[in-house]
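Here the sequence shown stands for residues 27 to 255, numbered as in the numbering used here.
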Amino acid sequence: SSATANEMDKAAQSYGGMSGKIAVIEPGSDVASAAEPRPPQTERALQPGQFVISVSTIQSRKNFDLLYRLWRRFAHEKRTGIPRLVIVGQRGFGSDELLAQITQDKTILDRLTILHRTTDAELTWLYRNCAYTLYPSFVEGWGLPVSESLAYGKPCLASDTSSLPEAGAGLALHFDPNDDAAWYDAITALADNPGRLLEAEARILANYRPRTWQEAGADLADHLKAMVR
Numbered sequence: 027s028s029a030t031a032n033e034m035d036k037a038a039q040s041y042g043g044m045s046g047k048i049a050v051i052e053p054g055s056d057v058a059s060a061a062e063p064r065p066p067q068t069e070r071a072l073q074p075g076q077f078v079i080s081v082s083t084i085q086s087r088k089n090f091d092l093l094y095r096l097w098r099r100f101a102h103e104k105r106t107g108i109p110r111l112v113i114v115g116q117r118g119f120g121s122d123e124l125l126a127q128i129t130q131d132k133t134i135l136d137r138l139t140i141l142h143r144t145t146d147a148e149l150t151w152l153y154r155n156c157a158y159t160l161y162p163s164f165v166e167g168w169g170l171p172v173s174e175s176l177a178y179g180k181p182c183l184a185s186d187t188s189s190l191p192e193a194g195a196g197l198a199l200h201f202d203p204n205d206d207a208a209w210y211d212a213i214t215a216l217a218d219n220p221g222r223l224l225e226a227e228a229r230i231l232a233n234y235r236p237r238t239w240q241e242a243g244a245d246l247a248d249h250l251k252a253m254v255r
């Protein structure tokens, strides 16, 4: 991302500058699968349009604590219309305490599902059938789940830090990852006004051009060839 390139350049300047140059190559956003999309096996069947997903390794930097706090609040408030939260990702550094809290919290059993292992076919089904996606990470080098969400025509609520606005391509909704109130307001607004989702999906369909990993690989190859000429 350009955001990462800028950070690298700043770091290089503190050590006397950079002798070469940085190339920015946008990653692909397609989830490759030869298999027919199919729903993952869960204790409670996921109904199309009735759940949202957050896709990432579960670790402190990804800020899943914010999502847990919000869905716990929704449960205590007995709010209706809030989609089920499906967290899709492997266990990562610093996740044990949070996962233990979620597992032991009976108040959110009907509102939150964690999937540690999904196939590409299952992930494709989740993207196609979710209402929207969430990505409250504190910092990213790019933010693939944001691009993947847009590639599937799904709105994404993402953080406004580092490279995430760049990955959002002007079509994601961005918020401070430390501002619980802003995320709460955005999620409840979508629940109260389903038409906003349809409008966001229409904007994505009209304006977002998905990028394939084949295209990203070709760009990388071109840069490498230029280095040896």
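Each residue gets a CB set at the ideal place from its N, CA and C atoms; glycine is no exception.
How many angstroms separate the CA atom of residue i from the CA atom of residue j?
| i | j | result |
| --- | --- | --- |
| Asp218 | Asp248 | 48 Å |
| Asp122 | Val165 | 20 Å |
| Arg87 | Gly46 | 30 Å |
| Gly75 | His142 | 21 Å |
| Pro63 | Gln127 | 31 Å |
| Arg95 | Val254 | 51 Å |
| Glu69 | Ala157 | 20 Å |
| Ala29 | Ala38 | 14 Å |
| Glu103 | Ile134 | 12 Å |
| Thr139 | Gln130 | 13 Å |
| Arg117 | Leu125 | 9 Å |
| Ile84 | Val114 | 8 Å |
| Asn32 | Thr106 | 43 Å |
| Asp35 | Gly221 | 43 Å |
| Glu227 | Ala215 | 16 Å |
Per DSSP, which residues does residue i bridge with? Please list them.
| i | result |
| --- | --- |
| Ile140 | Ile113 |
| Cys182 | Thr159 |
| Leu223 | Looking at the DSSP assignment, Leu223 forms no beta bridge with any residue, so it has no partner. |
| His102 | Paired residue(s): none; His102 is not in a bridge. |
| Ser80 | Ile113 |
| Phe201 | Ser185 |
Taking all protein chains shown into account, decide if residue i is buried (16 or more other Cβ within 10 angstroms of its Cβ) or exposed.
| i | result |
| --- | --- |
| Gly194 | buried |
| Asn89 | buried |
| Tyr41 | exposed |
| Trp239 | exposed |
| Ile48 | exposed |
| Gly196 | exposed |
| Gly54 | buried |
Smallest Cα separation from residue i: which of the options?
| i | options | result |
| --- | --- | --- |
| Gln73 | Gly243, Asp186 and Arg137 | Arg137 |
| Ile51 | Ala252, Gly243 and Pro181 | Gly243 |
| Asp205 | Thr150, Tyr178, Ala184 and Leu224 | Ala184 |
| Glu225 | Trp209, Gly179 and Lys251 | Gly179 |
| Pro181 | Gly169, Ala208, Pro162 and Arg229 | Arg229 |
| Ser59 | Asp211, Lys132, Thr150 and Val81 | Thr150 |
Flag this pair as yes or no: are the beta carbons of residue i and residue j separated by less than 8 Å?
| i | j | result |
| --- | --- | --- |
| Leu99 | Phe77 | The sequence shown places Arg at residue 99, not Leu. Result no, Cβ atoms of Arg99 and Phe77 do not sit closer than 8 Å. |
8 Å is my cut-off, CB to CB: does residue i come that close to chain B?
| i | result |
| --- | --- |
| Thr187 | Here chain B cannot be found, since the structure has a single protein chain. |
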